[in-house]
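Colleague:
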Amino acid sequence: MTCPPWRDDSTSGAFTRQDLVRADPGAWASWLRTRDDLADVPHLAGWAAAGHPLIVRRRVPGEGADTVPLGLPLPPADGKRRIGVALPTEHLTRMAGPSLAEAASHAPAAWQAVIATLIGLGDSFGLKPRPFGGLLWEAVTGLTYLTASSDLDLLWPCKDPVPTGLLDGLASIAETAPMRLDGEILLPDGTGLHWRELRDAPDGGTVLAKGLDALAMWPVAPLRTRETA
């Protein structure tokens with residue numbers, strides 16, 4: 001399977017969690033030479049040269065602020081291992097990943113009706129969902145990531161407060177979808193809020209907020225607004 005040449009994105013600003021980046025092949029090769037334990041892992045040697053992206057992840061203890069924390073998952077057939085790396089900003093180019101609509105052709109036929117409904121839900125709120133998880137990686141690499149048991153993982157870039165109509169719409173679609181519908185509301189600073197947790201938490205409750213440098217419990221009330229499409 002071939003994958004489209006997803007464009008580089010020259011948007012300025014710091015990298016945030018869930019951003020996609022391409023690594024300079026020379027810097028990638030230099031890093032890989034420091035990891036003898038990865039010498040025989042499939043796909044890694046040519047990953048950067050092929051233009052395959054990495055994803056910005058949460059920083060773990062011991063990783064300095066002078067590098068960007070990154071990761072990539074291997075395809076399920078190769079063990080579904082998650083590879084962590086941290087590289088300096090100057091060796092990275094931001095990549096504009098596909099929207100759900102752009103990635104839809106890589107999804108199974110059984111998913112297409114649900115995908116169309118999700119795109120319509122996003123349109124009604126002026127939002128464009130983006131895949132992550134297996135659908136994203138299959139779309140941007142051409143490798144096989146989706147299996148019969150795969151979830152459909154989506155990011156919903158959204159300013160806060162988040163419309164409850166969006167959350168209720170996702171829950172309604174998830175009830176009859178042939179796959180598990182998972183994912184996050186992605187705030188402008190890259191903070192991720194699991195949409196199910198945000199929807200189901202009581203008004204006085206909290207929700208786990210996933211940031212680049214930390215996890216935190218945030219009060220739900222300021223994050224939701226009772227708005228319908």
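In this text, residue positions in the sequence shown follow our numbering: the first is 1, and each later residue adds one.
Glycine is no exception: its CB is placed at the ideal position from the N, C-alpha and C atoms.
1) Hey, out of Asp123, Met179, Leu121, whose CA is closest to alanine 148's CA?
2) Can you tell me which of Pro163, Thr191, Leu187 puts its alpha carbon nearest to the alpha carbon of glutamate 227?
3) Compare the C-alpha of alanine 231 against each of Trp195, Arg82, Ser124, Arg22 and name the closest.
4) Taking only runs of the beta strand (DSSP E) that begin and end inside the stretch 186-218, which ones reach a length of at least 3 residues, in chain order?
5) Rounded to a whole number of angstroms, what is the C-alpha to C-alpha distance between leucine 64 and glutamate 175?
6) For arginine 81, which of Ala48, Leu181, Gly71, Pro88 has the nearest alpha-carbon?
7) Do alanine 48 and aspartate 24 have their C-beta atoms closer together than 8 Å?
8) Short of 7 Å in beta carbon distance, which residues of its chain neighbour methionine 1, apart from the five on each side in sequence? Order them along the chain.
9) Helix, strand or coil: how does DSSP classify alanine 23 here?
10) Tell me which same chain residues have a C-beta within less than 6 Å of the C-beta of alanine 221, skipping the five on either side of it?
11) Considering just the uninterrupted stretch of the beta strand (DSSP E) at aspartate 153, what are its terminal residues?
12) Under the three-state reduction of DSSP, which class applies to aspartate 182: helix, strand or coil?
13) Please name the residue or residues paired with leucine 231 in a DSSP beta bridge.
14) Grab me the residues of aspartate 145's own chain with a C-beta within less than 6 Å of its C-beta, minus the 5 sequence neighbours each way, in chain order.
15) Buried or exposed: where does methionine 217 fall if 16 or more other Cβ atoms within 10 Å of its Cβ makes it buried?
16) Can you list, in chain order, the residues of its chain whose CB lies under 8 Å from that of alanine 171, leaving out five sequence neighbours each side?
17) Of the residues Asp78, Ala29, His43, Gly126, which one's Cα is nearest the Cα of tryptophan 241?
18) Report the option in Gly122, Val140, Gly205 whose CA atom is closest to the CA atom of isoleucine 185.
19) Based on the DSSP output, what are the partners of valine 68 in its beta bridges?
20) Going by DSSP, which residues form a beta bridge with proline 131?
21) Tell me which same chain residues have a C-beta within less than 8 Å of the C-beta of aspartate 151, skipping the five on either side of it?
Modeller: Quick look at the numbers:
1) Answer by Cα proximity: Met179.
2) Here the closest residue by C-alpha is Pro163.
3) The structure shown has nothing for residue 231, since the chain only spans 1 to 229.
4) 192-194, 206-210
5) In the sequence as presented, leucine is not what sits at residue 64; that position holds glycine. Taking the straight line from one Cα to the other gives about 42 Å.
6) Ranked by how close their Cα comes to the Cα of arginine 81, the residues Ala48, Leu181, Gly71, Pro88 have Gly71 in first place.
7) A Cβ-Cβ contact shorter than 8 Å links alanine 48 with aspartate 24.
8) With a pLDDT of 36 at methionine 1, under the threshold of 50, the predicted position of this residue should be treated as unreliable, and no value is reported.
9) strand
10) Asp203
11) 152-157
12) Strand.
13) As shown, the chain starts at 1 and ends at 229. That puts residue 231 outside it, with no answer to give.
14) Correcting the residue type first, residue 145 is tyrosine in the shown sequence and not aspartate. Within the same chain, and ignoring the five residues on either side of tyrosine 145 in sequence, the residues whose Cβ sits closer than 6 Å to its Cβ are Pro75, Gly134, Trp137, Glu138.
15) exposed
16) Arg196, Arg199
17) For residue 241 there is no data in the structure shown, the boundaries of the chain being 1 and 229.
18) Gly122
19) Leu87
20) Leu154
21) Gly133, Gly134, Met179, Arg180, Leu181, Asp182
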